[in-house]
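Have a look at the structure below before the remarks.
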Amino acid sequence: SYTRMWVQAHGALEDLLVDEFPPTAPRPLKDRLQVFQGLATFYLKYLQIFRGLEAVYDQIVHPQKRRMVRHVLDGVMGRLLELKNEMVELEFSEFHYFDDVLQDLKLTPENLEVPIPQYFVREKMRVLRDREKMLAHVMAKGGHIEQVEQVTSA
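Structure below.
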């Protein structure tokens, strides 16, 4: 059930936060490759948690739980962006090679794809429909729709 998925995602997030922010400060790493692999590992783990939370949010019915899951989901998305920014600053590139980290975590390249949360689409659908109506009204008022139809039919 989705409650079980929420509990699993919540537990994974707690474990990840303990790993990312240990009680005793670790020694600074000087090797850029080690730093990048650490960031990439956290990025991929947060991405897996994000996928699970997005599935839970999409299917959960209770408004209070839904609000809480949404809050956590927004936080995880923010952390993903922070980690991506840190990797860009470290590597001076928008594109990264996660081959070693993917192999260590036993993941496939498909796991790197960041899905667009369904609530983004649903919340913006009304705004998009209103824009389309307004654009169609403006184009009809200006006579552009008939001209476009004539050009496409020729």
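According to my numbering, the residues represented by the sequence shown are 2 to 155, in order. For every residue, glycine included, the Cβ atom is placed at its ideal position computed from N, Cα and C.
N-terminal and C-terminal residue of the alpha helix (DSSP H) that residue i is part of
| i | result |
| --- | --- |
| Tyr47 | 33 to 60 |
Secondary structure of residue i, DSSP reduced to three states
| i | result |
| --- | --- |
| Ala26 | coil |
| Met140 | helix |
| Phe96 | coil |
| Lys134 | helix |
| Thr4 | helix |
| Val115 | coil |
| Lys107 | coil |
Cβ neighbours of residue i in the same chain (closer than 8 Å, five flanking residues each side left out)
| i | result |
| --- | --- |
| Ile50 | Ala10, Ala13, Leu14, Leu17, Val77 |
| Met6 | Gly53, Ala56, Val57 |
| Glu87 | Leu40 |
| Glu133 | none |
| Leu84 | Leu40, Phe43, Tyr44, Tyr47 |
Length of the line joining the Cα atoms of residue i and residue j
| i | j | result |
| --- | --- | --- |
| Leu48 | Pro64 | 24 Å |
| Met135 | Arg127 | 12 Å |
| Phe93 | Asp100 | 18 Å |
| Leu34 | Val73 | 30 Å |
| Gly124 | Arg130 | Checking the displayed sequence, the identity of residue 124 turns out to be Glu instead of Gly. Looking at the two C-alpha atoms, the distance is approximately 11 Å. |
| Phe121 | Lys31 | 39 Å |
| Val19 | Asn112 | 23 Å |
| Gly79 | Pro24 | 23 Å |
Rounded distance between the beta-carbons of residue j and residue i, thought under 8 Å
| i | j | result |
| --- | --- | --- |
| Arg68 | Ile61 | Their Cβ separation, rounded to whole angstroms, is 10 Å, which puts Arg68 and Ile61 out of contact at 8 Å. |
| Val89 | Glu95 | 6 Å |
Same chain only: Cβ atoms within 6 Å of residue i, ignoring 5 sequence neighbours per side
| i | result |
| --- | --- |
| Gln119 | Asp59 |
Cβ shell of residue i (< 7 Å), same chain only, five flanking positions each side left out
| i | result |
| --- | --- |
| Tyr3 | Val57, Gln60, Ile61 |
| Val115 | Leu48 |
| Val149 | Residue placement at Val149 is flagged as unreliable, the pLDDT there being 47, under the threshold of 50; the coordinate-derived value follows with that caveat. Cβ within range, chain order: n/a, list empty. |
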